[in-house]
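Working notes, structure below.
Protein chains: 2
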Amino acid sequence: MPRPSTPLLSPDRIRSTALAIIDRDGLDGLSMRKLAAELGVQAASLYGHVRTKDQLLNDIASSILSAVDVTGFTVDWREGLLRCARSYRAALSSHPNIVPFLAYGPAGRAESLQRLDLLHGALVSAGWSRREATMIAAGLMYIVFGSALSTFSSGFSADPADYSDRYPHLDRAHLLPGVARELDRDSFEMALAAFVRGL
Amino acid sequence: MPRPSTPLLSPDRIRSTALAIIDRDGLDGLSMRKLAAELGVQAASLYGHVRTKDQLLNDIASSILSAVDVTGFTVDWREGLLRCARSYRAALSSHPNIVPFLAYGPAGRAESLQRLDLLHGALVSAGWSRREATMIAAGLMYIVFGSALSTFSSGFSADPADYSDRYPHLDRAHLLPGVARELDRDSFEMALAAFVRGL
DNA sequence: GAGTTAACCTAACACTGTTCGGTTTCTCAG
DNA sequence: CTGAGAAACCGAACAGTGTTAGGTTAACTC
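Chains as they are written, first to last, in full-length UniProt numbering: chain A, 1 to 199; chain B, 1 to 199.
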């Protein structure tokens, strides 16, 4: 099948299909051949629209991060921090399987930097020193990424026998997967509130 | 070379060599063939001592996590949280390249669970509810893992031109790589202090 | 000294990201 | 309306990955 009348591929279609695969099968579940098959195409054809797989992932990451809202600093800086962190986490947890990639690679994405710039500026004009502003922004990212990796609630076994004997204080840990989402959100809110309150 | 007089391989030697490669070349820099070559052996020979690569990484992770100290709760729970978090971060940041793997997989490692059990119990006997204890432990992990991923200071370009035009508040971001380690530690300490104070 | 087992090997399988060269169809200038 | 060139796809290949099967030899055990 050479050069069809209407193109089968476009960067947008490739990106959204790739993201769908990641959401469905995890980060390791995405391969160029599988992506191509899902688009009704051979793997080599993708490289006419995408430079490399890494670039593709970066583009997807950027489009996810562009949903982060940092415009909440008009009220005061505490409220701004809360809103920014919530928006960041919401963006990440809408596609949790790609978070390891975000956390892995360098923070050199334009979307990240632009938002970081606004955040930093808002903190400085609220009276923090530049160094303090940097550390506060870092601390906020710790909580956001730490919570989005969701290493915590999910990842527990659903079998009570895995815990009851060896770990007496975790005798209800097998219930965690059932309430993971809710508990993760509440833990995030608690950590965020404690952090901002303690500044 | 069949069955040498003294064995070339042992689980310990494999683990430590693998960890050395990870420390030197990063997580992606570890392949079974490269590991085998470094041990003076063919790749297939490793599988007499190690079940799979994933299991090998898990074993390495466990040995790193076994250095985490959660015995600081004899004083009071705040001090215990601080010590536990510092010890955890120290363990992770002594081998930063393996942290993405830790953050990726499930938290079902015996070493993690045992420490989590102690932490949870200490918080409950300090008067927190079980749910609160779980959320506090989760929040602590957020900060520890978020900071150990060190997505932050490292990952910035060392070229001022990358920032000065587009991101006015980040005009000194190019200095970050030079002080990354120090700044990351200070940011962690600040986030941890703020979190514990705000509880 | 014979038999078993442990430790290594070579060769292969099925996969990965990526590139090269080829084929066809579309687009556009003359 | 023709001819040139680019665009969009494909098949085949390369070097790499984790892993397994089957073979060879040395060391241990009785």
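Ideal placement from N, C-alpha and C gives every residue a C-beta, glycine not left out.
{"Check": "Nonlocal neighbours in the same chain, by C-beta distance under 6 Å from Arg78 (chain B), ignoring five residues either side", "Outcome": "Val196"}
{"Check": "Near the ligand SAM: Ala133 (chain B) beta-carbon under 7 Å from a heavy atom", "Outcome": "With respect to the ligand SAM, the structure offers nothing, as it holds no ligand at all."}
{"Check": "Residue-level contact to chain A via CB, Asp23 (chain B), 8 Å cutoff", "Outcome": "no"}
{"Check": "Residues of its chain near Ala133 (chain A), where Cβ-Cβ distance is below 7 Å and the 5 sequence neighbours each way are ignored", "Outcome": "His120, Leu123 and Val124"}
{"Check": "For Ile60 (chain B), the first and last residue of its enclosing alpha helix (DSSP H)", "Outcome": "Lys53 to Leu65"}
{"Check": "Minimum Cβ-Cβ distance from Phe195 (chain B) to chain A less than 8 Å", "Outcome": "yes"}
{"Check": "Per-residue DSSP class, three states only, for Leu8 (chain B)", "Outcome": "coil"}
{"Check": "Listed by chain order, chain B residues near Ile143 (chain A) by CB distance under 7 Å", "Outcome": "Tyr142, Ile143 and Gly146"}
{"Check": "Cβ neighbours of Ile14 (chain B) in the same chain (closer than 8 Å, five flanking residues each side left out)", "Outcome": "Leu35, Leu39, Leu46, His49, Val50 and Leu56"}
{"Check": "Leu170 (chain B) at chain A interface by Cβ criterion, 8 Å", "Outcome": "yes"}
{"Check": "Contacts that Gln42 (chain A) makes with chain B (C-beta to C-beta distance below 9 Å)", "Outcome": "Ordered by position in chain B, no residue passes the 9 Å Cβ test against Gln42 (chain A), which lies about 26 Å from the chain."}
{"Check": "Extent of the continuous alpha helix (DSSP H) to which Phe195 (chain A) belongs", "Outcome": "Ala180 to Gly198"}
{"Check": "Rounded C-alpha distance that separates Asp23 (chain A) from Ser62 (chain A)", "Outcome": "16 Å"}
{"Check": "Amino acids of chain B, ordered along the chain, whose beta-carbon sits closer than 7 Å to that of Val124 (chain A)", "Outcome": "His169"}
{"Check": "Nearest-angstrom beta carbon gap, Tyr88 (chain B) and Leu113 (chain A) [assumed within contact, 8 Å]", "Outcome": "Not confirmed; about 29 Å, so no contact."}
{"Check": "Closer than 8 Å to chain B by CB, Tyr104 (chain A)", "Outcome": "yes"}
{"Check": "Proximal residues of chain A, C-beta to C-beta of Pro4 (chain B) below 9 Å", "Outcome": "Residues of chain A passing the Cβ test: none, with the nearest at roughly 36 Å."}
{"Check": "Chain B contact residues for His174 (chain A), given Cβ-Cβ distances below 9 Å", "Outcome": "Chain B residues near His174 (chain A): none, gap ~12 Å exceeds 9 Å."}
{"Check": "Contacts that Gly139 (chain A) makes with chain B (C-beta to C-beta distance below 7 Å)", "Outcome": "Ser187, Met190, Ala191 and Ala194"}
{"Check": "Any chain B beta carbon closer than 8 Å to Met32 (chain A)", "Outcome": "no"}
{"Check": "Under the three-state DSSP convention, the category Tyr167 (chain B) falls into", "Outcome": "coil"}
{"Check": "Cβ neighbours of Ala85 (chain B) in the same chain (closer than 7 Å, five flanking residues each side left out)", "Outcome": "Leu140, Ile143, Val144 and Leu192"}
{"Check": "Per-residue contacts from Gln114 (chain A) into chain B (C-beta, under 8 Å)", "Outcome": "Arg166 and Tyr167"}
{"Check": "C-alpha distance - Arg3 (chain A) paired with Ala67 (chain B), whole-angstrom precision", "Outcome": "59 Å"}
{"Check": "Cβ-Cβ distance between Leu118 (chain A) and Val75 (chain A) below 8 Å", "Outcome": "no"}
{"Check": "Proximal chain A residues relative to Gly121 (chain B), where beta-carbon distance stays under 8 Å", "Outcome": "Pro168 and His169"}
{"Check": "Chain A contact residues for Pro100 (chain B), given Cβ-Cβ distances below 9 Å", "Outcome": "Pro100, Ala103 and Tyr104"}
{"Check": "Residue 208 (chain A) - containing alpha helix (DSSP H), residue span", "Outcome": "Since the first residue shown for chain A is 1 and the last is 199, residue 208 (chain A) is missing from the structure and cannot be characterised."}
{"Check": "Span of the alpha helix (DSSP H) around Arg78 (chain A)", "Outcome": "Trp77 to Ser93"}
{"Check": "Start-to-end residues for the alpha helix (DSSP H) that takes in Ala161 (chain B)", "Outcome": "Run containing Ala161 (chain B): none; DSSP gives neither H nor E here."}
{"Check": "Contacts that Leu183 (chain A) makes with chain B (C-beta to C-beta distance below 9 Å)", "Outcome": "Arg131, Thr134, Met135 and Ala138"}
{"Check": "Proximal residues to Leu19 (chain A) (C-beta, below 7 Å), its chain only, five neighbours per side dropped", "Outcome": "Ile60 and His95"}
{"Check": "Under 7 Å by beta carbon: chain B residues contacting Leu149 (chain A)", "Outcome": "Ala103 and Phe145"}
{"Check": "Assigned secondary structure, Val124 (chain B) (DSSP; H/G/I helix, E/B strand, else coil)", "Outcome": "helix"}
{"Check": "Endpoints, the alpha helix (DSSP H) within which Pro100 (chain B) is located", "Outcome": "Val99 to Tyr104"}
{"Check": "Beta-carbon proximity of Ser187 (chain B) to Ser129 (chain B), cut-off 8 Å", "Outcome": "no"}
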